[in-house]
Structures are given as structure tokens and as C-alpha cells.
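Using this note's numbering, the letters of the sequence shown map in sequence onto residues 1 to 239.
For every residue, glycine included, the Cβ atom is placed at its ideal position computed from N, Cα and C.
Predicted, not measured: the structure shown is a model, and the values here were computed from it.
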Amino acid sequence: MDYLIDIDRVHKEYIIGEVTTKVLKGVNLKIKKGEFVSIMGHSGAGKSTLMNIIGFLDQPTSGSYKLEGINTEKLNEDELAEIRNITIGFVFQMFNLLPRVSALDNVKLPLLYAGVPEKEQNKRAKIVLEKVGLSHRINNHPSQLSGGEQQRVAIARALINNPKLILADEPTGNLDTKSSYEIMDIFCKLHKDQGHTIVMITHELDISKYSGRIVTLDDGVTLKDIRRKSIYGNKKCDT
Ligand code: ADP
């Protein structure tokens with residue numbers, strides 16, 4: 001079986017001075033292309049650490065992580081960065097937008113770094129902003145947008161390279177209930193209609209129910225891994 005994400009007995013520890021903190025203690029997690037997975041667990045359980053490893057922002061102390069069958073252990077920093085830019089789109093709780101530039105310019109940023117011509121940057125940025133329902137706000141700066149709209153800009157930015165994998169760390173953690181559901185509707189559409197693989201950390205049970213699989217971490221190990229019919233308003237958010 002080919003997995004997009006294949007994590008095998010991953011351990012992660014941090015050493016500060018004489019203190020060693022064991023955060024992940026042998027996590028196994030296999031995720032197929034096209035799955036929508038929530039990662040839950042109490043604060044300090046190791047969710048963000050696991051997400052950082054999945055997103056190449058950190059590396060395991062031991063164990064193996066294969067992305068699309070490629071053993072990440074053997075890659076150097078440049079190779080990791082290149083694969084990360086092409087394959088993974090990140091969405092964070094605090095949106096992480098540049099405050100002084102427009103929604104359009106925020107979304108274009110990854111293309112600017114990749115050296116894509118400006119005309120092409122604009123075209124692609126407008127397409128992804130339309131996907132998240134923000135065509136009418138492209139010239140607004142983040143401070144002129146609601147929290148939900150800012151998160152939609154962040155999702156558009158994550159989509160700009162058409163990544164195979166979207167990693168979302170508490171994407172609704174800073175939003176009111178209505179905006180949270182609007183953001184989840186967008187994730188559902190990306191998953192259901194466009195086949196994106198989504199891995200999302202959340203501590204909110206109602207938000208996790210949008211995904212078809214809920215993995216619960218506890219004290220650095222996988223406590224539960226449950227597949228269920230997801231919800232999407234009254235509709236299903238399943239492929
Ligand atoms: P969660 O996302 O589930 O709240 P985290 O993965 O953020 O948990 O953190 C798990 C544990 O690892 C916490 O006790 C945290 O203090 C510790 N930790 C996380 N990152 C570091 C780091 N860079 N250095 C030292 N300890 C860390």
C-alpha cells in the first residue's frame with residue numbers, strides 16, 4: 001500500500017540543558033492520498049510537534065517518516081525546503097499574513113519566492129482567492145478583513161502551489177463559531193471536490209467531525225485512530 005504520509009515509530013525529544021523532554025514516544029501514522037484527518041489530544045500531547053515533523057519544520061529524533069515514499073531522513077535542508085514548497089501548504093491559527101500588503105500580495109508571496117513571472121502570479125492568486133470566496137477583497141490589507149476573511153486569505157496562500165498536502169494547525173482556533181464553520185466548509189470542498197489531503201490539528205470536537213478520521217494523541221503516543229462518516233452541514237464531507 002502506498003501512503004502519502006508514512007510515519008513509523010517516530011520519537012522526538014528536546015534536550016535543554018540537562019533536561020530531556022520526550023514529546024513523541026513511538027508514533028505510527030499512515031495517511032493515504034485524499035484523506036481528511038483530524039489530530040486531537042490535550043495541550044502538550046505532542047500534536048504540533050508531530051505536525052512540524054510532517055511539514056518538514058522539524059525532524060524526528062528516531063524512527064522513519066516517508067512522504068510519497070521518499071525517506072525524508074536522507075534529504076538535506078535544501079531538498080527538504082524544495083519538497084516542502086511544492087508539496088505542502090500550511091494554514092496556522094494566527095493566519096500569519098503580512099500586515100502591510102494586500103490579500104492579493106499575501107497570496108502571491110510563495111510564487112514571488114519561486115521566481116514566477118508577475119502576470120502569472122496575479123492570475124494564479126486571483127484564481128485561488130476566488131476559490132475561497134474572496135474575489136471582492138483582493139486589494140484589502142489584513143487589518144481591513146475579518147478573522148474569517150484573513151484565514152481565507154491564508155488558505156488561498158496555502159493553495160497557490162496546488163499542494164498535495166494541506167497542514168492546518170488549529171485553523172479555527174481564533175475564529176467565532178460562524179466563521180469557523182465557513183472555514184470548515186472550504187476545507188470540505190477542497191477535500192471532497194478537489195481531492196486535497198488535509199491533516200488538521202483541532203481541540204474542538206465539532207470541528208473534528210468534519211473529517212472522516214480522528215487520530216487522538218496522548219502523552220506522545222497514538223491513543224485512538226477512528227474512522228467515521230464526517231459531517232458537512234447536513235451533507236456529508238466524504239469523498
Ligand atoms: P500540543 O500541540 O499537543 O499542545 P506540542 O507538540 O506543542 O503539544 O508540545 C508537546 C510538549 O513538547 C510540550 O510539553 C512542550 O513544552 C514541548 N516542546 C515543544 N516544542 C519544544 C521545543 N522546541 N523545545 C522544548 N520543548 C518543546
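Remark: fewer than three beta-carbon pairs, one from each stretch, lie closer than 8 angstroms, so the stretch 144-162 and the stretch 74-84 are not flagged as touching. Of the residues assessed, Val128 falls on the buried side of the cut-off, its CB having 16 or more other CB atoms within 10 angstroms. Distances from the CB of Lys47 to the heavy atoms of the ligand ADP include at least one below 7 angstroms. In this structure, DSSP gives Ser64 an extended state, which the three-state scheme calls strand. Distances taken from the Cβ of Ile53 to the heavy atoms of the ligand ADP include none shorter than 7 angstroms. With respect to the 8 angstroms criterion, Ala125 and Ile160 are classified as neighbours on the basis of their beta carbons. Between the C-alpha atoms of Val101 and Ala168 there is a straight-line separation of about 23 angstroms. Looking at the DSSP output, Thr222 shares a beta bridge with Leu217. Bridge partners of Tyr181 according to DSSP: none are assigned. Annotated three-state conformation of Asn122 is helix, per DSSP.
In this structure, Gly41 sits near Leu217, with a CB-CB distance shorter than 8 angstroms.
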